[in-house]
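Student: This is the structure I want to talk about, given as structure tokens.
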Amino acid sequence: MMAATVDTRIATILQRATGLEPALLGPSAVRHALQARMQTRDICETGEYARVLAADAAELQALIEAVVVPETWFFRHPGAFTALLARLPQRIRRPGDGPLHILCAPCSTGEEAYSIAIALLDAGLAPEQFEIDARDISAAALAMARRGIYGNNAFRSHDLAFRARHFTPQDGGWRIDDRVRASVRFGVGNLVAREFGAGQRFDAIFCRNVLIYFPREVQLGVLNTLTQRLADDGLLFVGPAEGSLALAAGLRSLAEHGAFGFFRSSAAGALPRRTPFGGVRRDGVPNAGARLGGGQTATLSSARRSAALAAPGGAAQGALGRPAAAPAPRPPAGTAASLAPPRAGGAQTAAQNRRAESAVSAVSAVAMPKPGPASGPTASLSPGATAVAAAVRHATTLSDAGRLDAADAALGEALATYGPSADAFYLKGALADARGRADDALDCYRKALYLDANHRDTLLMLSARLEARGDRDGARRLLGRARRAEAQAGGGGQASGVEQ
Numbered sequence: 001m002m003a004a005t006v007d008t009r010i011a012t013i014l015q016r017a018t019g020l021e022p023a024l025l026g027p028s029a030v031r032h033a034l035q036a037r038m039q040t041r042d043i044c045e046t047g048e049y050a051r052v053l054a055a056d057a058a059e060l061q062a063l064i065e066a067v068v069v070p071e072t073w074f075f076r077h078p079g080a081f082t083a084l085l086a087r088l089p090q091r092i093r094r095p096g097d098g099p100l101h102i103l104c105a106p107c108s109t110g111e112e113a114y115s116i117a118i119a120l121l122d123a124g125l126a127p128e129q130f131e132i133d134a135r136d137i138s139a140a141a142l143a144m145a146r147r148g149i150y151g152n153n154a155f156r157s158h159d160l161a162f163r164a165r166h167f168t169p170q171d172g173g174w175r176i177d178d179r180v181r182a183s184v185r186f187g188v189g190n191l192v193a194r195e196f197g198a199g200q201r202f203d204a205i206f207c208r209n210v211l212i213y214f215p216r217e218v219q220l221g222v223l224n225t226l227t228q229r230l231a232d233d234g235l236l237f238v239g240p241a242e243g244s245l246a247l248a249a250g251l252r253s254l255a256e257h258g259a260f261g262f263f264r265s266s267a268a269g270a271l272p273r274r275t276p277f278g279g280v281r282r283d284g285v286p287n288a289g290a291r292l293g294g295g296q297t298a299t300l301s302s303a304r305r306s307a308a309l310a311a312p313g314g315a316a317q318g319a320l321g322r323p324a325a326a327p328a329p330r331p332p333a334g335t336a337a338s339l340a341p342p343r344a345g346g347a348q349t350a351a352q353n354r355r356a357e358s359a360v361s362a363v364s365a366v367a368m369p370k371p372g373p374a375s376g377p378t379a380s381l382s383p384g385a386t387a388v389a390a391a392v393r394h395a396t397t398l399s400d401a402g403r404l405d406a407a408d409a410a411l412g413e414a415l416a417t418y419g420p421s422a423d424a425f426y427l428k429g430a431l432a433d434a435r436g437r438a439d440d441a442l443d444c445y446r447k448a449l450y451l452d453a454n455h456r457d458t459l460l461m462l463s464a465r466l467e468a469r470g471d472r473d474g475a476r477r478l479l480g481r482a483r484r485a486e487a488q489a490g491g492g493g494q495a496s497g498v499e500q
């Protein structure tokens with residue numbers, strides 16, 4: 001009978017090879033994979049299997065394939081794609097820089113890497129203007145990615161217009177178009193290897209929802225490697241539960257709702273401003289991105305929902321479905337559109353810019369709801385609540401600058417002076433996570449939910465913890481609550497970045 005815990009020798013071999021910690025993957029899942037491999041090799045004792053594993057690279061790879069179960073879908077956490085598109089203009093217009101270089105690792109079965117390609121193509125980039133390298137440790141996952149045929153479970157977004165444009169029904173699934181497939185280069189790569197990505201610099205790196213399965217020292221080691229691989233003004237995108245790790249590694253946050261994007265502290269002055277992407281397809285056809293949202297208008301926020309009472313950014317209204325010749329409405333002050341530098345080039349350029357702005361907004365429309373009325377301060381807030389909201393904003397600024405102790409102190413003082421606040425407790429929990437104090441973080445998250453049972457960001461954080469422990473049913477329940485909370489706040493919209 002299989003032991004209740006994974007044999008330490010096997011766990012050590014697996015962790016050295018992949019960085020993955022079996023306890024974080026979910027012990028039962030690892031035990032089942034281990035049992036299946038032992039049965040295949042007709043081995044009864046874990047000690048004997050450990051010896052085989054240490055000497056047989058092929059068997060180690062087979063165990064890795066059994067343990068690493070892909071769980072991804074197209075346009076998961078779409079805020080990252082929005083943030084990427086919104087910062088392309090200055091990078092594209094710089095002379096002599098060549099194509100964009102983007103890394104997706106681990107790429108699993110390809111959904112994320114192809115999502116990046118679709119977003120860039122729909123925003124008007126020609127295939128030769130970008131290069132996407134996709135790496136994974138699983139040969140089986142890479143084979144599926146190269147095949148490019150996906151079932152319905154890979155499409156979980158509210159809006160699936162992109163599927164109609166870029167996929168063809170085949171073999172009971174959906175085959176990705178050759179143009180998108182040719183935009184991604186898949187290959188074997190191990191994140192924990194010191195030489196991973198050596199000699200390359202990337203304008204953007206997507207490393208999402210894997211760090212939570214690594215022990216602390218491996219997390220920081222991987223983040224250090226990826227930071228070294230970033231271009232000076234490059235962006236690193238991580239998963240929703242991994243932002244605190246990026247802060248702990250000395251990175252700074254973009255502070256945009258749903259993006260989970262970070263950059264080098266030294267690059268703050270060089271980071272491209274958030275502006276609508278001004279590209280246009282080479283053949284002159286209107287950008288497909290203008291239809292990505294299926295005719296809906298998306299709202300982009302420059303404020304993180306982690307500080308739920310902080311003043312949100314204005315809505316960048318995309319002219320979705322609007323004829324190219326129609327005059328563009330003047331965007332509200334403070335929006336991404338109003339901050340864009342003026343462009344020359346007459347009516348044609350203006351029309352192109354409107355289509356490009358729609359592409360940025362439309363990526364969010366895949367699953368990004370409009371912020372609800374509770375996401376910003378109102379006249380109905382009490383003086384104490386207003387003061388706590390200000391403290392949360394201040395603490396968020398401090399944490400983005402890497403001053404975690406100062407941020408925690410500011411929140412503690414506000415709580416002591418003005419009383420309990422779900423937003424303050426949530427941020428204190430995230431800060432505790434960033435410093436490796438898991439028990440303190442959990443205590444803060446519980447207090448946040450006691451004060452607000454539908455606190456979306458707390459629900460997302462706790463659901464990620466449950467998923468990391470292998471409790472997918474529990475994680476889905478919390479994600480469902482987060483979805484409903486977002487819908488109620490936003491007048492029926494669908495929550496972004498949540499598993500369905």
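The sequence shown begins at 1 in UniProt numbering and counts up one residue at a time. Ideal Cβ placement from N, Cα and C applies to all residues, glycine included. Note that the structure is a prediction, hence the values are computed from the model and not measured.
1) Measuring straight from C-alpha to C-alpha, what distance separates residue 475 and residue 464?
2) Cβ atoms of residue 244 and residue 56: under 8 Å apart, would you say?
3) Taking the CB atoms as reference points, tell me whether residue 81 and residue 119 lie closer together than 8 Å.
4) Under the assumption that residue 67 contacts residue 121 (Cβ atoms under 8 Å), give the Cβ distance between them as a whole number of angstroms.
5) Out of 440, 153 and 234, point me to the one whose CA is closest to residue 72's CA.
6) So does the stretch 236-250 actually touch the stretch 392-410, counting three or more Cβ pairs closer than 8 Å?
7) To the nearest angstrom, report how far apart residue 53 and residue 34 are at their CA atoms.
8) Less than 8 Å between the beta carbons of residue 192 and residue 139, yes or no?
9) Residue 354 to residue 167, Cα distance in whole Å?
10) Looking only at its chain, what residues have a beta carbon closer than 6 Å to the beta carbon of residue 84, apart from the 5 residues adjacent to it on each side?
11) Just list the residues that DSSP pairs residue 188 with in beta bridges.
12) Less than 8 Å between the CB atoms is what I'm expecting for residue 70 and residue 28, so what's the real figure, rounded?
13) Which whole runs of the alpha helix (DSSP H) in the stretch 193-252 are 4 residues long or more, in chain order?
14) Give me, in chain order, the residues of the same chain whose beta-carbon lies closer than 6 Å to that of residue 144; leave out the 5 immediate sequence neighbours on both sides.
15) Counting pairs of Cβ atoms below 8 Å between the stretch 408-418 and the stretch 210-227, do you hit three or more?
16) Quick one: residues in its chain with C-beta nearer than 6 Å to the C-beta of residue 259, no 5 flanking neighbours on either side, listed in chain order?
17) Do residue 396 and residue 427 have their beta-carbon atoms positioned less than 8 Å apart in this structure?
18) For residue 507, count neighbouring C-beta atoms within 10 Å of its own C-beta (all shown protein chains included) and say buried if the count is 16 or more, exposed if not.
19) Report the three-state DSSP secondary structure of residue 31 (helix, strand or coil).
20) What do you get for residue 242, buried or exposed, if any count of 16 or more other CB atoms within 10 angstroms of its CB means buried?
21) Residue 116 to residue 76, Cα distance in whole Å?
22) Buried or exposed: residue 482, going by 16 or more other Cβ atoms within 10 Å of its Cβ?
23) Cα separation between residue 461 and residue 179?
24) Comparing alpha-carbon positions, which option in 211, 164 and 182 lies nearest residue 190?
25) Among 37, 466 and 135, which residue has its Cα nearest to the Cα of residue 184?
26) Where in the stretch 89-177 do unbroken runs of the beta strand (DSSP E), each at least 3 residues long, occur, reported from the N-terminal end onward?
27) Give the single residue among 391, 237 and 201 whose Cα lies nearest to the Cα of residue 580.
28) Using the C-alpha atoms, what's the distance from residue 31 back to residue 44?
29) Just the Cα atoms here: how many angstroms apart are residue 194 and residue 225?
30) At what residues does the beta strand (DSSP E) containing residue 261 begin and finish?
31) Kindly give me the distance between the Cβ atoms of residue 197 and residue 103, rounded to whole angstroms, as I take these residues to be in contact under 8 Å.
32) Do the CB positions of residue 392 and residue 439 come within less than 8 Å of each other?
33) Measuring only the C-alpha atoms, how far is residue 232 from residue 161?
34) Among 39, 127, 398 and 176, which one has its Cα closest to the Cα of residue 150?
35) Taking its Cβ as the centre, do 16 or more other Cβ atoms sit within 10 Å of residue 421, making it buried, or is it exposed?
36) Which of the three DSSP states is assigned to residue 393 in this structure?
Tutor: On the basis of the coordinates in this document:
1) Looking at the two C-alpha atoms, the distance is approximately 7 Å.
2) Not a contact, by the Cβ cut-off of 8 Å.
3) Yes. Within cutoff.
4) Wrong, their Cβ atoms sit about 34 Å apart, outside the cutoff.
5) Its Cα nearest to that of residue 72, the residue 153 stands out among 440, 153 and 234.
6) Contact between the stretch 236-250 and the stretch 392-410 is present, because at least three Cβ pairs lie under 8 Å.
7) Their backbone Cα atoms lie some 11 Å apart in a straight line.
8) With contacts defined as CB atoms closer than 8 Å, residue 192 and residue 139 fail to qualify as a contacting pair.
9) With a pLDDT of 45 at residue 354, under the threshold of 50, the modelled position of that residue is not reliable, and the figure given next carries that caveat. Those two C-alpha atoms are separated by around 26 Å.
10) Correct list, in chain order: 204.
11) DSSP output for residue 188 lists 136 as bridge partner(s).
12) In fact, because the Cβ distance is near 18 Å, the residues do not count as touching under 8 Å.
13) Counting only runs of 4+ residues, the alpha helix (DSSP H) found wholly inside the stretch 193-252 occupies 216-229 and 243-248, in chain order.
14) Around residue 144: 109.
15) Contact check between the stretch 408-418 and the stretch 210-227: fewer than three CB pairs, one atom from each, fall below 8 Å, which does not count as touching.
16) Result list for residue 259: 79, 80 and 83, in chain order.
17) Note that the C-beta distance between residue 427 and residue 396 is below 8 Å.
18) As displayed, the chain neither begins before 1 nor continues past 500, which places residue 507 out of reach and without an answer.
19) Looking at residue 31 - three-state DSSP - the assignment turns out to be helix.
20) With 16 or more other Cβ atoms within 10 Å, it is buried.
21) Between residue 116 and residue 76, the alpha-carbon positions lie close to 11 Å from each other.
22) With 16 or more Cβ atoms within 10 Å of its Cβ, residue 482 is classed as buried.
23) Rounded to the nearest angstrom, the gap between the Cα atoms of residue 461 and residue 179 is 37 Å.
24) Closest in C-alpha terms to residue 190, from the list 211, 164 and 182, comes 211.
25) For the options 37, 466 and 135, the alpha carbon positioned closest to that of residue 184 is the one of 135.
26) Those beta strand (DSSP E) runs which fall completely within the stretch 89-177 and span 3+ residues are 100-104, 130-136, 167-170 and 173-176.
27) Coverage of the chain is limited to positions 1 through 500, which leaves residue 580 absent and any answer about it impossible.
28) Going from the Cα of residue 44 to the Cα of residue 31 covers about 13 Å.
29) Residue 225 has its alpha-carbon roughly 7 Å from the corresponding atom of residue 194.
30) Residue 261: member of the beta strand (DSSP E) spanning 261-264, first to last residue.
31) About 7 Å; that satisfies the 8 Å criterion.
32) No.
33) Near 35 Å, if we compare the C-alpha coordinates of residue 161 and residue 232.
34) The residue with the shortest Cα to Cα distance from residue 150 is 176.
35) The residue is buried, with at least 16 neighbouring Cβ atoms inside 10 Å.
36) If DSSP states are grouped into helix, strand and coil, residue 393 belongs with the helices.
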